[in-house]
Amino acid sequence: MKPKAIILRGTGTNCDIETFNSFKYVGAEPELVHINQLLSGEKQVLDYSIMAFPGGFSYGDDISAGKIYAVKMGRLSADFGKFIKDKRPVIGICNGFQILVKTGFLPENKANAQVSTLYTNDCGHFVAKWIKVRINKKSPCLFTKGLPDEIELPIAHGEGKFIIEDKKILSDLLAGELHAMTYSENPNGSMRGIAGITNPAGTCFGLMPHPERNFYAWQNPDRPAAAREALAAGCQFFKNAVDYVK
Amino acid sequence: MTDLLSNFTSLSKKQLAELDGTCGWSLSALELAEVQRQFRGMGRQPSRGELETIAQTWSEHCKHKTFSGPVAFRAGGRVKKYKNLFKETIVRATRKLNKKWCLSVFTDNAGIVQFGKSGKWGLAFKAETHNHPCAVEPYGGAETGVGGVIRDILGVGLGAKPVLNTDSFCFGYPDSKKKLPGNSHPPERIMRGVVEGVRDYGNRMGIPTAAGGIYFDDGYLLNPLVYVGCAGLIPVEKIAKKVMPGDLIVSIGGRTGRDGIHGATFSSANIEEDTSASAVQIGHAINEKKTLDVLMRARDLGLYNAVTDCGAGGFSSAIGELGSQTGARVRLENAQLKDSLIEPWEIWVSESQERMILSVPKARLAGLEAILKAESCDYCVLGTFPGNGRLLVTHGAAKVVDLPMAFLHGGVPNFEKPARRRKVKISAKKPARPAKSYGRILKAMLAHPNVCSRHSVINQYDHEVQGGTVIKPMQGKYGDGPGDAAVIWPQAATLDLSDFSGFAVSHGFNPAAGKLDPYQMALHSVDEAVRNLLCVGAEISRTAILDNFCAASPRDPEVMGDLVLAAEGCHDAAMAYGAPFISGKDSFYNQAKDAGGNEYPIPISLLISATAPVEDIRKAITMNFKEAGSSVYLAGVSRGGMGGSVYNDMAACGNNFISPLDMKAAVRLYTGVLKAIKSGCVPAAHDVSQGGLAVTLAEMAFSGGFGAEIDLCDAKREDGLTPLELLFGESPARLVLEVVPGKEHEFLKLVRGLPVSKIGCVRDSLVLEVRDAGARLFREDLSQLKKSWKRELI
Amino acid sequence: MIIEIWTKERYAKNEEAAFLARLARAGLKADAARLSRLYRVEADFSEAEYSRIKSGLLTDKITELSSLAPRKTALKKAYRVEVWLKDSVTDVVGESVKEAVAHVVGRLPEAVRFGRAYYVSCASGLKLKEAVSKTLVNEVVNKFKIGKTKTGR
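Protein chains in written order, with this note's numbering: chain A, 619 to 864; chain B, 8 to 801; chain C, 4 to 156.
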């Protein structure tokens, strides 16, 4: 049976369809669900085995990126908490990562409090470009398993500067190898060049770059004739989630 | 003013003009007289709401009176008369070409052509301008411009899903020394505001902004141009729309407020000191995103019979247009408002952003409401389309408009405009030898604002959302090479991951040529757009194009002359390239008074936007050199004439001749080159345009991280061409190709008999060396060339 | 009630530098600057409710500080520039915050307007005003006022 993946939408979500397509390609049965459908009780997150928070500008990112969506999720935090505790895979991409951070699901902590943030880029505005990221091979993150040491992915965000204030939380994160992905060249001023982090179980992962935009080799800006037919690094993230629940 | 209104039918010409000025309608004396005549016939005075409706409906923005009107063109003692300039040039070419793959032209909010192999999809494409608002409030003006053209795509047929935004801007030079009048913004501020507006709106909408350009000329100091375009996919069976009598009028999206009063008439007026604040709005992208999400779901469920966008003229235009056959009964008290101070007639004509009007069968309303609520999208039911042909608008007990639809959409009075050819001195003498070395000229040219890198702007746009931008605006080894055209694989619209059909979009734009020869400008612009499509491997025999004219005041016969010549050029180019126009727009009165009180008009500005299918997006190509050892070919004949070139902007060479384009030869050449690209012989192609051949070679080299050794001795050229013209001349119909070593034989067979010649090889060493018959013209390090080019514009 | 939010000084260097550069392009050399966001919430909420909106919704507690009273900066000889959209202009941010406030306190406020405050150390208030209208505001859509600030925290 195909694992059911819930692709969470809200007002202003805009990478939902390509994320849907990515999960469909690797053999999941994705479904687009609006947060209003969860709030009304029409849909339940616990009916799904994979969860994705796609990119976009939820509620315009007014106040700060992902904040209003996170506030809306407040009433449902028990369901989301259980989903993560059950070790069902959760991926938050870009705005999705911002939501996971603002809700306090990442970095994982007992109080479920926001302990880190993704703040305005050092350059002060939105930046879209291709960059290189390093994969932390020691990380428990299930989404990055099997990837090479360094891959290319596009970023597209205005608020991606990862900051943890508390030294203990930062050292625990580093000691646990929860920083699953770091920038080869820091594009936004993130602490330790952190581009993506996971929970200790490796099942809940948030990252600023967009794997769904480097899913096929022909999406690369440098189009070497030889690689046109092949899948690209981004595909692996989605495949790993599906393989894990199968 | 109330006095004037209540005695409308007996006002003198002077009083009518005074009333027009007070109300800001921008109607001409002839039009005012016609309105007066009509109401005399009805035997009553008009209401404010009725006059506002007429002013909006008859505005330049809605009716395009200038381009669709009669013109008498005088050139060299001869007079050519047009009854309808637009129909007799641009539309005529489309009709004559009569392409089967054109599904809808000139009738709807956008043109539609067939997309893909399945026969299931159409591609809708439209470009607009939003110039005056951007001059006054660059950020809000750009935002609402983007929002408006997206709504054109949402409102074409029963709604297309936007998959690409384009943007092309014209500004004064950022370092311009010209003194500006007190009410205008310096070009640097306008540029920042416009870029930020496009960024914040387009990015929030989740539509990639992936094609366009920026052009600098001091002619745009007081009147910047902001062209915004949008392309979307629509199922073929959703192209037809028809309002049925009894349908409900439903407005969805944003609310109505006083912020949107008088945009349509504003676009017909010259910019003056006291430009009204309320003509400028800030965009609300998230409201429009909700509208998009609702429409796409409601369309697929068949919940409405027709849709159109609320643009210029607001409800009055949108409902008037949808109800032109059935009439409309509107109850304005049902409208959702932003503020309570608004007058009923203001609700009717307000252009508040982010609104769409649907024609909904009563039985489908509940279904539509469920989706609107699920997406948290505001809406209101404004009334019905009754079927009696009458437009009746009320607010509670008060009557706002009561007119037969036929009156509004009947004949707008129009008068013949005189046009004549502009006198320009053209010199075709040999260009003066430059004082600087060719290498130094090249570096200066790469740093010229019209040539240098646009990365600091493009990086701010999300050009890859939807995951379908396979050929990006910046490409190559370092992701920063300047692409010729964007290629879109609309996976987020079709959801079909096994169909690799896509489409390419490009532009052609050359106002520098237009100042000298508007006819050649049009030809060159169409040629450049088609050539750009060719450079990514698109099926250019299926090119469809859009025209967007911007000009100064049509009361100036020379401005009208420019327009006539350019429109004739459009016709001839469309015929020669087999590329029909499918939609277009025009914007006049782009002139203002400068600090000295003199009229400051823009040059004639024609943006050609072009699209063509890409059969297999996996095989589309980019512009950077790919491999050391490849051969480099120049396709096309280099001709004399430095007119309109970047070089002439940098240094006067005494020659301002524009080489006439041989379109038949160009089409033959491109057909051969496309065969070679499709056979896989050509991994890189790049057009020769601004800056000439030297710039093309430099860009291909530093974007790929490979050098090249070039000798131009075999390059096809006109007799007596100087090295300056060869390197920096901008004669059309040329492109540079990289050819894979093992496939050179096959390549040569495919281009046999065409003016294509080998000019050198790609090399590992990071140097670009160009010789002509052994004599070295220049030899430059790629790092130096790239450093000159990679400027931060913003 | 006006709620003021600002970036902690250790994270604010980039935005301050960018702001100073912007003023410099408009011809004003300023010594230092501080930047704040302002939310004017029009409602009959209690002090405790405003505090909840401030801390629970509007402030990023990792990187930002906030106050229900105008901020005091340590800048010497500083002016305070307050910029809002005119009331006739749709305030997009204000509208979304209005909705979000309802999630926090359970009731919709009458209106929310979003603005900015800039604290600028410079020699001439007149020159500042000139620079502000050249780069920070467009009087077609904005309204602003400039006043002197008191020194001290």
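Built from N, CA and C at the ideal position, the CB exists for glycine as well.
- A Cβ of chain C is located within less than 8 Å of the beta carbon of K690(A).
- Here N466(B) is buried, its C-beta having at least 16 other C-beta atoms within 10 Å.
- For the 8 Å CB-CB criterion, I56(C) and V107(C) form a contact.
- At a cut-off of 8 Å, the C-beta of A27(C) has no neighbouring C-beta in chain A.
- Residue pairing by DSSP places C109(B) opposite V120(B) in a beta bridge.
- W748(A): member of the beta strand (DSSP E) spanning V745 to I753, first to last residue.
- Across the set T263(B), R211(B), K297(B) and A426(B), the C-alpha of A426(B) shows the shortest separation from the C-alpha of R85(B).
- By the Cβ rule, the stretch 118–133 of chain B does not count as touching the stretch 596–603 of chain B, because fewer than three pairs are nearer than 8 Å.
- Residue nearest to P690(B) within the set L681(B), V153(B), M481(B) and P393(B) is L681(B) (criterion: CA-CA distance).
- If only complete runs of 3 or more residues are kept, the stretch 657–722 of chain B shows the beta strand (DSSP E) at 691–694 and 714–718, in order along the chain.
- Contact residues of the stretch 746–759 of chain A toward chain B are A746, K747 and W748 (C-beta to C-beta distance below 7 Å).
- Excluding five sequence positions before and after I815(A), the CB atoms of its chain that fall closer than 7 Å to its own CB belong to L724, P725, L791, L796, H797, A798 and G824, given in chain order.
- When C-beta distances to chain A are compared with 7 Å, the residues of the stretch 469–487 of chain B below that value are D469, H470, E471, V472, Q473, G474, V477, K479, M481, Q482, G483, K484 and G486, in chain order.
- Note on P252(B): under 16 other CB atoms within 10 angstroms of its CB, so exposed under the neighbour-count rule.
- Going by DSSP, P411(B) is part of the beta strand (DSSP E) stretching over A405 to P411.
- At the C-beta level, A114(C) and G97(C) come within 8 Å of one another.
- Residue-level contact check: T93(C) does not touch chain A, since none of the beta carbons of chain A fall below 8 Å from its beta carbon.
- DSSP places F638(A) inside the alpha helix (DSSP H), whose first and last residues are D634 to Y643.
- The straight-line gap separating the alpha-carbon atoms of G673(A) and T263(B) is approximately 30 Å.
- Residue range A81 to L88 is occupied by the beta strand (DSSP E) that includes V84(C).
- Contact between the stretch 88–100 of chain B and the stretch 575–583 of chain B is present: 3 or more CB-CB pairs across the two stretches fall below 8 Å.
- Residue contact with chain B for G678(A): present (Cβ-Cβ distance below 8 Å to some residue of chain B).
- Within the same chain, and ignoring the five residues on either side of L389(B) in sequence, the residues whose Cβ sits closer than 6 Å to its Cβ are I256, S258, V337 and N341.
- For the stretch 775–799 of chain A, the residues whose beta carbon sits under 7 Å from a beta carbon of chain C are, in order, I781 and E783.
- Apart from sequence neighbours up to five positions away, the residues of its chain that approach K857(A) with a beta-carbon distance below 7 Å are V644, ordered along the chain.
- Within its own chain, the residues whose Cβ lies closer than 7 Å to the Cβ of P242(B), once the five positions on either side in sequence are excluded, are K127 and W128, listed in chain order.
- Taking a beta-carbon distance threshold of 8 Å, L504(B) counts as an interface residue toward chain A.
- In this structure, the straight-line span from the alpha carbon of V774(B) to that of C768(B) is close to 12 Å.
- For I157(B), the closest C-alpha among the options P145(B), T550(B) and H137(B) is that of H137(B).
- Taking a Cβ-Cβ threshold of 8 Å, none of the residues of chain A is close to V44(C); the smallest such distance is about 13 Å.
- With respect to the 8 Å criterion, I160(B) and A217(B) are not classified as neighbours on the basis of their beta carbons.
- Interface annotation, I293(B): in contact with chain C, CB-CB separation under 8 Å.
- In the DSSP secondary-structure assignment, H402(B) is bridged to A405(B).
- Taking a 10 Å sphere around the C-beta of V250(B), we find 16 or more other C-beta atoms and assign the residue as buried.
- The beta-carbon of D740(A) is placed no less than 8 Å from the nearest beta-carbon of chain B.
- Listed in chain order, the positions of the stretch 494–527 of chain B with a beta carbon within less than 7 Å of a beta carbon of chain A are Q498, A499, L502 and L504.
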